[in-house]
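Student: Before I ask anything, here is the structure I am working with.
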Amino acid sequence: MSDINSPRLIATAVAAAFGVIGAVGLFVYQKIREQQQTERVRRDLDKMGETMAELQAQLDLLRLQQNQRRNRERISRRKPNLKNSSTYSATDNDTDVDAFSTADTEFDDDEFFDFSDMESGDGDNERISGPTNELDRTLAETDKLIEASELRPGSECEEALSTLRNLLVKYPDNIEVIWRLARACHRCSTNATETSKKLALIVEGLKPCERFEEADSADFHKWYAILIGSHGMFLSTKEKIEGGYRFKKHLNKALEIRPEDPVLHHLSGRFKFEVAGLTWIERKVASTLFAEPPSATYEEAIVDFERAEELTIKPFKDNKLLLGKCYVAVGRYQDAIRWFEETSNIPTVSEEDRVSQNEADQLLSKYSKYRS
Numbered sequence: 001m002s003d004i005n006s007p008r009l010i011a012t013a014v015a016a017a018f019g020v021i022g023a024v025g026l027f028v029y030q031k032i033r034e035q036q037q038t039e040r041v042r043r044d045l046d047k048m049g050e051t052m053a054e055l056q057a058q059l060d061l062l063r064l065q066q067n068q069r070r071n072r073e074r075i076s077r078r079k080p081n082l083k084n085s086s087t088y089s090a091t092d093n094d095t096d097v098d099a100f101s102t103a104d105t106e107f108d109d110d111e112f113f114d115f116s117d118m119e120s121g122d123g124d125n126e127r128i129s130g131p132t133n134e135l136d137r138t139l140a141e142t143d144k145l146i147e148a149s150e151l152r153p154g155s156e157c158e159e160a161l162s163t164l165r166n167l168l169v170k171y172p173d174n175i176e177v178i179w180r181l182a183r184a185c186h187r188c189s190t191n192a193t194e195t196s197k198k199l200a201l202i203v204e205g206l207k208p209c210e211r212f213e214e215a216d217s218a219d220f221h222k223w224y225a226i227l228i229g230s231h232g233m234f235l236s237t238k239e240k241i242e243g244g245y246r247f248k249k250h251l252n253k254a255l256e257i258r259p260e261d262p263v264l265h266h267l268s269g270r271f272k273f274e275v276a277g278l279t280w281i282e283r284k285v286a287s288t289l290f291a292e293p294p295s296a297t298y299e300e301a302i303v304d305f306e307r308a309e310e311l312t313i314k315p316f317k318d319n320k321l322l323l324g325k326c327y328v329a330v331g332r333y334q335d336a337i338r339w340f341e342e343t344s345n346i347p348t349v350s351e352e353d354r355v356s357q358n359e360a361d362q363l364l365s366k367y368s369k370y371r372s
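full-length UniProt numbering numbers the first residue of the sequence shown as 1 and each following residue consecutively.
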């Protein structure tokens, strides 16, 4: 399955990743003190929002623990000799017993912060290989559900997320489970209408990833980066900029592991395109009030977008559109027109495609005088 089907959903994470300051000018300099005060107030409000989301997560955890306790009691009544007939221990803390639970509830993110097997990296293959035929089949089913949710938003995404939550209880160290949970949380967060729900889903996807910063998985680093970017929508400007560096760190790791992935090159190009668009005055204000933003050029973004074009099997409008916009930015208008025209040659099959096509049409009209 290609993640390229929903580039604009991912694009929101890229834009949020480094915290674009927006339109600023000399007026901002005159109002620096007011800006700092406003920033402190906004940070307090952001923290309050996070606290509310955490309280909601704690309530969901209590519900889950109650359901798990009831499930264990039912299992004990049905199979009183389970302890003696299995090599597994059926204690209150045994996640193998908890894995029998089929309750469609939230899980406790904090349960999975055990660094014992992560420090040396030993045992990764055993965790992923082992008796995983059933696990592989289940993961394949969640892949199909997520793919279906990309084409028509509905209950498939929630169903996949519920399955992955249960799998994470049973396989808390399995990277294949963790990155798919991160992806499902991102997908479901884009469908959520309530801000608190969006934030809760993003945080839920981030927490298991935090234990595996150095994992050797391109999919893990890709979706970790995307969630870091999505989280930026709920952070202060300084934290957004700091998140931009983390976003780029994990995107680069993913590219090191899988350099032939067109989606990763597209994400890298979009990030550089957004960063290159910051004016000198915007960068100056950002570094004065918050933190030094990342740096990049349109030429660097062009390299990434063209690499994505070379690698992709299924061309998509956004990559071609952004290539054209990069060429406009560097004054190569004839090259830009070619990419805008290629954007129009791809069928429009979604709302995201329609938005890209409308922008391409407007830019073609604006720069039509440069046609050769």
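Glycine is no exception: its CB is placed at the ideal position from the N, C-alpha and C atoms.
Would you be able to state if there are at least three C-beta pairs under 8 Å between the region 193 to 206 and the region 242 to 255?
Tutor: no
Student: When the Cα atoms are used, what is the spatial distance from R371 to N358?
Tutor: What you label residue 371 is simply residue 371 of the sequence shown in a count that begins at 1. What you label residue 358 is simply residue 358 of the sequence shown in a count that begins at 1. If you take the alpha carbons of R371 and N358, they lie about 19 Å apart.
Student: Would you kindly work out how many angstroms separate the C-alpha atoms of V285 and V263, rounded to a whole number?
Tutor: What you label residue 285 is simply residue 285 of the sequence shown in a count that begins at 1. What you label residue 263 is simply residue 263 of the sequence shown in a count that begins at 1. If you take the alpha carbons of V285 and V263, they lie about 32 Å apart.
Student: What separation, rounded to the nearest whole angstrom, lies between the Cα atoms of H250 and S350?
Tutor: On the sequence shown, residue 250 is found 250 positions in, with the first residue counted as 1. On the sequence shown, residue 350 is found 350 positions in, with the first residue counted as 1. Rounded to whole angstroms, H250 to S350 spans 29 Å at the Cα level.
Student: Please go through the same chain and pick out, in chain order, the residues whose beta-carbon is closer than 6 Å to the beta-carbon of E300, but skip the five residues on each side of it.
Tutor: For the purposes of this step, residue 300 is identified with residue 300 of the sequence shown, where counting begins at 1. For E300, same chain residues with a beta-carbon under 6 Å away, outside a window of 5 residues either side, are K272 in chain order.
Student: Pop quiz: L227 and A184 are said to be a contact at Cβ under 8 Å. What is the actual Cβ separation, rounded to whole angstroms?
Tutor: Counting from one through the sequence shown, the residue named residue 227 turns up at place 227. Counting from one through the sequence shown, the residue named residue 184 turns up at place 184. Not confirmed; about 11 Å, so no contact.
Student: If distances are taken between C-alpha atoms only, which option among A140, L206, E260, T190 comes closest to E150?
Tutor: The count along the sequence shown starts at 1 and reaches residue 150 at position 150. For E150, the nearest C-alpha among the options comes from T190.
Student: How would you write the range of the alpha helix (DSSP H) that N191 sits in, first residue to last?
Tutor: By 1-based counting over the sequence shown, the position of residue 191 is 191. Per DSSP, N191 belongs to the alpha helix (DSSP H) from 175 to 191.
Student: Within 10 angstroms of the Cβ of T195, are there 16 or more other Cβ atoms? Answer buried if so, exposed if not.
Tutor: For the purposes of this step, residue 195 is identified with residue 195 of the sequence shown, where counting begins at 1. Exposed is the call here.
Student: With distances taken from CA atoms, which of L206, Q334, F212 is nearest G232?
Tutor: Mapped onto the sequence shown, residue 232 falls at position 232. It is L206.
Student: Less than 8 Å between C-beta atoms, sequence neighbours within five positions excluded: which residues of the same chain meet that for D104?
Tutor: Within the sequence shown, residue 104 is the residue found at index 104, counting from 1. Low per-residue confidence applies at D104: pLDDT is 37, beneath 50, and the placement is therefore not dependable, though the value from the model is reported in the following sentence. Closer than 8 Å at the Cβ level, and outside the excluded window around D104, lie S162.
Student: Using the beta-carbon count (16 or more within 10 Å), is W339 buried or exposed?
Tutor: In the sequence shown, residue 339 corresponds to position 339, counting from 1. W339 comes out buried.
Student: Note the first and the last residue of the continuous alpha helix (DSSP H) segment covering R246.
Tutor: As a working note, residue 246 is residue 246 in the sequence shown. Start and end: 237 to 257.
Student: Residues in its own chain within less than 7 Å of R180 by CB, not counting five upstream and five downstream?
Tutor: On the sequence shown, residue 180 is found 180 positions in, with the first residue counted as 1. Contacts found: L139, T142, L164.
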